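In my numbering, the protein residues as written are 22 to 502. To keep things clear, I will list the structure first and then write my remarks on it.
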Ligand code: ADP
Ligand code: MG
Ligand code: ZN
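This is the structure:
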């Protein structure tokens, strides 16, 4: 049986978080919330006779992304008209870049399991977003708030070879955009959209076979599901003697299937030609150098720093830097005096678990980094044990209150008073002669059972380490006595 290998390249559309639109001074607003058609002007609604002006900030953001993706920033840039009709595109064309994109020939490093791979970046070019259509009953409504919002299209080489690599690429690229501050990464708002180009070939072949393109994937989860489904679909087509047809497909969230939408358009269908209303844009080498100096620390560098500076494992570092807000939270906790490894455990363990259950991002939680550190300090001081601390964190998470306060109020402090614990230990021994005999007869694994009795008695608040030690001494004394 032939084993197949998927070949995948991604096209990513990222809106840029500039204050104004790509070619006019209208504000860029949250198009899922703003009142429709309020942020529009003659330019972005395509009135006759208007002229576009290039947004300098958008060009600089695009340069930042290009540099972060190890691309060449091209000196000669030219905008091009990409002609097509769609009701949300009043000009009848989109201003994009075709033969002369802003950035080209870069790469992005991804981690999958224990290995890292470089995925080639073919190009990144500037363009403008379209408006939005809403279908209400048998009417369609158009909102042009989004028309003309700066959009960066980032096109990878067909270098990905598995669904896992696709997911790692998407996550890393999103992280880079957020670290750069050029996109907030919230895919549910449509500010970041993926298209997957997929073909298959027998493993070992170098051939690039006919591909399909899945449009408008609005979450990483959909990207992963659609890609997995489409690879399998193509394998089945080929296995049953058919041929993959080049086409544009959609993904149906409900059925989890990809569906053909239309035949693939070719570049000549768009009749690209240089945009006559805009002069070529020259990007000087000085400008590139200046932008390069302003780049912030990016996820990979931050990961390495976390490993070097804080002694974290690669795995912890990868998880912490993946979301900039999480990495910021973590560093704020360290600044408040937290121990790097202990804080890492609490964040990636309990805190993530609570966030997951509540469906919250770190920016939306009520436990400040300083409050987490205060909780950890109570554990370190022996005032509460780990299990109690988990309970306390849960209450902090729900109420936003401080650890100390909760421990006081609920009487959760750990019992480390040895005379009090001594009494409990004696009682358990007196009440369980059979278990004592078994222990003395060689079943030393029962020690944990003895400790468990005291923990139950104290509702988990006894200092387990002390109790453990007491039982061991007491039982060994019995053996000798
Ligand atoms: P277009 O602009 O027409 O969509 P491109 O040739 O620029 O086409 O490629 C778009 C994307 O498709 C790129 O990400 C590229 O890596 C990917 N791609 C090209 N050929 C293949 C193939 N045979 N299999 C999978 N992906 C491909
Ligand atoms: Mg395409
Ligand atoms: Zn406008």
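Each residue gets a CB set at the ideal place from its N, CA and C atoms; glycine is no exception. Here the structure is a predicted model, which is why all the values come from computation and not from measurement.
Same chain only: Cβ atoms within 8 Å of residue i, ignoring 5 sequence neighbours per side
i           : result
residue 230 : 28, 220, 221, 222, 265
residue 291 : 103, 104, 105
residue 308 : 84
residue 407 : 400
residue 256 : 25, 221
residue 182 : 26, 27, 28, 29
residue 316 : 85, 88, 89, 201
Residue i - DSSP class collapsed to helix/strand/coil
i           : result
residue 46  : coil
residue 205 : coil
residue 320 : helix
residue 114 : strand
residue 493 : helix
residue 94  : strand
residue 74  : coil
residue 483 : strand
residue 312 : helix
residue 41  : strand
residue 295 : strand
residue 335 : helix
residue 409 : helix
residue 233 : strand
residue 439 : helix
residue 243 : helix
residue 187 : helix
residue 68  : coil
residue 473 : helix
residue 357 : coil
residue 454 : helix
residue 340 : helix
residue 264 : coil
residue 345 : helix
residue 61  : coil
residue 464 : coil
residue 12  : With the chain running from 22 to 502 in the structure shown, residue 12 is simply not present.
According to DSSP, residues forming a beta bridge with residue i
i           : result
residue 5   : Past the edges of the chain, shown from 22 to 502, lies residue 5, and the structure says nothing about it.
residue 25  : 223
residue 103 : 115
residue 215 : 33, 238
residue 302 : 98
residue 181 : 29
Presumed contact (8 Å Cβ cut-off) between residue i and residue j, rounded CB distance
i           : j           : result
residue 489 : residue 468 : 7 Å
residue 43  : residue 67  : Not quite, the Cβ-Cβ distance comes to about 13 Å (not below 8 Å), so this is no contact.
residue 130 : residue 143 : Their Cβ separation, rounded to whole angstroms, is 16 Å, which puts residue 130 and residue 143 out of contact at 8 Å.
residue 276 : residue 270 : About 13 Å; that fails the 8 Å criterion.
residue 116 : residue 73  : 7 Å
residue 164 : residue 36  : Not confirmed; about 15 Å, so no contact.
residue 175 : residue 33  : 5 Å
residue 400 : residue 354 : About 14 Å separates the two Cβ atoms, so there is no contact after all.
residue 180 : residue 152 : Not quite, the Cβ-Cβ distance comes to about 33 Å (not below 8 Å), so this is no contact.
residue 31  : residue 83  : With 8 Å as the limit, residue 31 and residue 83 do not qualify as a contact, their Cβ atoms being about 18 Å apart.
residue 217 : residue 194 : That belief does not hold up - the Cβ atoms of residue 217 and residue 194 are roughly 13 Å apart, past 8 Å.
residue 88  : residue 203 : At roughly 12 Å, the Cβ-Cβ gap does not stay under 8 Å, so residue 88 and residue 203 are not in contact.
residue 412 : residue 357 : Not confirmed; about 22 Å, so no contact.
residue 397 : residue 359 : 6 Å
residue 201 : residue 86  : 6 Å
residue 241 : residue 208 : 7 Å
residue 169 : residue 50  : No, residue 169 and residue 50 are not in contact; Cβ-Cβ is about 12 Å, not under 8 Å.
residue 479 : residue 450 : 16 Å between Cβ atoms; not a contact.
Close Cβ partners of residue i (< 7 Å) along its chain, the five nearest in sequence each way excluded
i           : result
residue 446 : 475, 488, 491, 492, 495
residue 348 : 323, 341, 342
residue 106 : 113
residue 249 : 184
residue 327 : 333, 338, 341, 342
residue 293 : 101, 102, 103, 119
residue 97  : 121, 301, 303
Proximal residues to residue i (C-beta, below 6 Å), its chain only, five neighbours per side dropped
i           : result
residue 387 : 421
residue 62  : 45, 47
residue 127 : 90, 91, 92, 142
residue 441 : none
Open item on the list: Extract the residue ranges of the beta strand (DSSP E) inside the stretch 122-176, only unbroken runs of 3 or more that lie entirely within it.
Closed with: Listed in chain order, the complete beta strand (DSSP E) runs (minimum 3 residues) inside the stretch 122-176 are 124-133, 136-149, 153-157, 160-164.
Open item on the list: What ranges does the alpha helix (DSSP H) occupy inside the stretch 378-437, keeping only unbroken runs of at least 4 residues that lie completely in it?
Closed with: Within the stretch 378-437, the complete alpha helix (DSSP H) runs of at least 4 residues are 390-401, 407-420, 424-431.
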